[in-house]
Amino acid sequence: MKYLFIIQGEGRGHMTQAISLRNRLISAGHNVPSVIVGKSIRREIPAFFYSKIEASVHLVESPNFVMDKNNKRINIGKTIFYNLFYTRKYIKSLRVINKIVKTEKPDVIINFYDLLGGLFYLFYNPPIPYQCIGHQYLLSHPDFQFPKGHKIDKLLFKINTNITSFRADKLLALSFRRMPNIPEKKIYVVPPLLRKTVLNLKSTNDGFIHGYMLNPGYANEIIEWHNKNQEIETHFFWDKKDAQEEMVIHKNLVFHKINDVKFLDYMSRCSGYASTAGFESLCEAMYLNKPVMMIPTAGHFEQKCNALDASLSGAGLISEEFDLDKLIKYIPNHKTDPSIFQRWVESASGIFLSHLTPVFNYKSQRKTEIGSTLSVKI
Numbered sequence: 013m014k015y016l017f018i019i020q021g022e023g024r025g026h027m028t029q030a031i032s033l034r035n036r037l038i039s040a041g042h043n044v045p046s047v048i049v050g051k052s053i054r055r056e057i058p059a060f061f062y063s064k065i066e067a068s069v070h071l072v073e074s075p076n077f078v079m080d081k082n083n084k085r086i087n088i089g090k091t092i093f094y095n096l097f098y099t100r101k102y103i104k105s106l107r108v109i110n111k112i113v114k115t116e117k118p119d120v121i122i123n124f125y126d127l128l129g130g131l132f133y134l135f136y137n138p139p140i141p142y143q144c145i146g147h148q149y150l151l152s153h154p155d156f157q158f159p160k161g162h163k164i165d166k167l168l169f170k171i172n173t174n175i176t177s178f179r180a181d182k183l184l185a186l187s188f189r190r191m192p193n194i195p196e197k198k199i200y201v202v203p204p205l206l207r208k209t210v211l212n213l214k215s216t217n218d219g220f221i222h223g224y225m226l227n228p229g230y231a232n233e234i235i236e237w238h239n240k241n242q243e244i245e246t247h248f249f250w251d252k253k254d255a256q257e258e259m260v261i262h263k264n265l266v267f268h269k270i271n272d273v274k275f276l277d278y279m280s281r282c283s284g285y286a287s288t289a290g291f292e293s294l295c296e297a298m299y300l301n302k303p304v305m306m307i308p309t310a311g312h313f314e315q316k317c318n319a320l321d322a323s324l325s326g327a328g329l330i331s332e333e334f335d336l337d338k339l340i341k342y343i344p345n346h347k348t349d350p351s352i353f354q355r356w357v358e359s360a361s362g363i364f365l366s367h368l369t370p371v372f373n374y375k376s377q378r379k380t381e382i383g384s385t386l387s388v389k390i
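For what it's worth, the numbering used here labels the leading residue of the sequence shown as 13, then goes sequentially.
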């Protein structure tokens, strides 16, 4: 069977998930010749993605977040107006996707939480099975716990998630732990999509702090903390556009441009991990039984949800800032049995293939449903 991926290019998580799933599908005898990645002006698609995905990569302009002047907090108002202003660009992106779909003729389209995937099915509604993968699809699960308050943020998060999954046949909800499926809502709970590279790593403790920041505005917080703790070896990764490979702030504080092999090497050898609360790297740390401090990106409600959910699964503690003293104090008290999470992760291949491969059972039904549905071409 032939699969086409649509992948959100924000951060590294969705891209590493796509690499992992592609490898599993190829091993099972299927084909992923092309992927579509939603890009933005402020981010650069990391080099490791091009080399590891082993498929033709098509970049298209996709709706994205707008940060505050300090490049730290998400500005919701500006994000909405910015994306409305560039609507024509996104319409062009949808036309590009439609052209790729007509050329590739995939049997299944899989969306890794990019808005363009849902918008494509809203406006073009092709007779092709459509499945969505992401931790975000747990939000409609009755057992999912949200942070208290944040009613407007929660509403916007739900709207965004519903757009990405418009007309989806299945929602494969990545989860830190086993939860029951909710078929009536098309929700199927699945393990994190960690790559074999992660599963084969040996966890050691070389005594340094490892970290990742989604937005470069957090660099000042880390530098300020390290100025008072210069004896502690600290390595942070970021995907800042045009950043040099290594920015040595101090002999014991280095900012690394995101490099997948190096990132995972440091993860396997660190004593603790501090990060903005992206789902994928939290899973990598949990699999390697690393104590974690999660700092949700300011204004990023999804990351608040990730942090709470991960803490309920024993990942570590939540902080509002990169005060690494909290992590250092927590490290000796981190008492979690990693085997439960590890077994859950290692069951991924069979679970995903069971969901993604028997698509022809409902493909003819989908064509019938589409025949009675008006779709608007743009």
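Backbone N, C-alpha and C define an ideal beta-carbon position, used for all residues, glycine too.
Identified DSSP bridge partners for residue i
{"i": "S287", "result": "Y224 and M306"}
{"i": "A185", "result": "G146 and V201"}
{"i": "F156", "result": "Per DSSP, none; premise fails for F156."}
{"i": "H367", "result": "Beta-bridge pairing links H367 to no other residue."}
{"i": "R179", "result": "Answer is none; R179 lacks a bridge partner."}
{"i": "R55", "result": "K252"}
{"i": "M397", "result": "This structure does not reach residue 397, given that the chain is present from 13 up to 390, and the question cannot be answered."}
{"i": "E73", "result": "K51"}
DSSP three-state assignment for residue i, whether helix, strand or coil
{"i": "E22", "result": "coil"}
{"i": "P45", "result": "strand"}
{"i": "H238", "result": "helix"}
{"i": "N232", "result": "helix"}
{"i": "L265", "result": "strand"}
{"i": "I246", "result": "Reading the sequence as shown, one finds Thr at residue 246 and not Ile. Correct three-state label for T246: strand."}
{"i": "G130", "result": "helix"}
{"i": "M298", "result": "helix"}
{"i": "K252", "result": "strand"}
{"i": "Y125", "result": "coil"}
{"i": "M27", "result": "helix"}
{"i": "F17", "result": "strand"}
{"i": "G311", "result": "coil"}
{"i": "I194", "result": "strand"}
{"i": "S68", "result": "strand"}
{"i": "I92", "result": "helix"}
{"i": "L329", "result": "strand"}
For residue j and residue i, believed in contact at Cβ under 8 Å, the rounded distance
{"i": "S325", "j": "F156", "result": "With 8 Å as the limit, S325 and F156 do not qualify as a contact, their Cβ atoms being about 12 Å apart."}
{"i": "V47", "j": "G21", "result": "The Cβ separation is near 11 Å, so there is no contact."}
{"i": "Q113", "j": "L16", "result": "Checking the sequence, you will find Val at residue 113 rather than Gln. V113 to L16, Cβ: 7 Å. Contact."}
{"i": "T391", "j": "M225", "result": "Residue 391 is absent from the model: the chain starts at 13 and stops at 390."}
{"i": "H162", "j": "F313", "result": "6 Å"}
{"i": "F220", "j": "H247", "result": "6 Å"}
{"i": "I31", "j": "I65", "result": "6 Å"}
{"i": "R34", "j": "A67", "result": "7 Å"}
Reference residue i; option with closest CA among the options
{"i": "L151", "options": "K341, Y342 and L320", "result": "L320"}
{"i": "C144", "options": "S46, K198 and V108", "result": "K198"}
{"i": "E73", "options": "F267, N232, I19 and K117", "result": "I19"}
{"i": "K160", "options": "K316, K214, F334 and L336", "result": "K316"}
{"i": "N172", "options": "P204, V210 and L128", "result": "L128"}
{"i": "S283", "options": "A231, N217 and P308", "result": "N217"}
{"i": "F132", "options": "M13, N174, P58 and N110", "result": "N110"}
{"i": "I6", "options": "G311, Q242 and S68", "result": "An answer regarding residue 6 cannot be provided, because it is not within the stretch 13 to 390 covered by the chain."}
{"i": "H5", "options": "L294, S351 and R34", "result": "What is shown of the chain runs 13 to 390, which leaves residue 5 out entirely."}
{"i": "E116", "options": "Y98, Y125 and I140", "result": "I140"}
inquiry  = Taking 8 Å as the cut-off, does the stretch 316-331 touch the stretch 285-302 (at least 3 CB pairs, one atom from each stretch)?
reply    = yes
Touch test, the stretch 56-74 against the stretch 91-109, Cβ-Cβ under 8 Å, three pairs minimum = yes
request  = Could you tell me whether the stretch 164-171 touches the stretch 340-355, where touching means 3 or more Cβ pairs closer than 8 Å?
outcome  = The stretch 164-171 is not in contact with the stretch 340-355.
inquiry  = Between the stretch 258-271 and the stretch 304-315, can you find at least three pairs of beta-carbon atoms closer than 8 Å?
reply    = Taking one beta carbon from each stretch, the stretch 304-315 and the stretch 258-271 have fewer than 3 pairs nearer than 8 Å; the two do not touch.
inquiry  = Under 8 Å: do the stretch 223-239 and the stretch 196-214 share three or more Cβ pairs, one atom per stretch?
reply    = no
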